[in-house]
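Read through the structure below, which is laid out as structure tokens, and then see the notes.
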Amino acid sequence: PLDRELVSFARPSGRVLVVEENVRQGGLSSAILELFSDMDALDVHIERVGLPDKFVEHGPVTILRKKYGLDASGIAKAVRDFFR
Numbered sequence: 050p051l052d053r054e055l056v057s058f059a060r061p062s063g064r065v066l067v068v069e070e071n072v073r074q075g076g077l078s079s080a081i082l083e084l085f086s087d088m089d090a091l092d093v094h095i096e097r098v099g100l101p102d103k104f105v106e107h108g109p110v111t112i113l114r115k116k117y118g119l120d121a122s123g124i125a126k127a128v129r130d131f132f133r
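Numbered by the working numbering, the letters in the sequence shown go through residues 50 to 133 in order.
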């Protein structure tokens, strides 16, 4: 279960960035969206960084992370863009 206190931590900034190394749909970010909805906190903007809901080819993890923005520079860019 997710800690419901997450909502109170998010309220001051009004933003949450979720980075997950799996498909976004049905993943951690989906559970967080559900929690915020259940707690009537839809005023908080939640951005999700993760794999798209489609077949992801196999290959070296470092190459795939870079392709999908899940390497260090991709995550840093997502943070900069979201919290700008």
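Heads up, the beta-carbon is just placed ideally off N, CA and C, and yes, glycines get one too.
Check: Within the same chain, show all residues whose beta-carbon is closer than 8 Å to that of Val128, passing over the 5 residues directly before and after it, in chain order.; Outcome: Leu66
Check: Given a threshold of 16 other Cβ atoms within 10 Å of its Cβ, counted over all protein chains shown, does Val98 qualify as buried or as exposed?; Outcome: buried
Check: CA-CA distance, Leu80 and Leu51?; Outcome: The question names Leu, but residue 80 in the sequence shown is Ala. Spanning the two alpha carbons is a distance of roughly 8 Å.
Check: Taking 8 Å as the cut-off, decide whether the C-beta atoms of Arg73 and Asp102 are in contact.; Outcome: yes
Check: Where are the alpha helix (DSSP H) runs, 4 residues long or more, that stay fully inside the stretch 69 to 102, in chain order?; Outcome: 77 to 87
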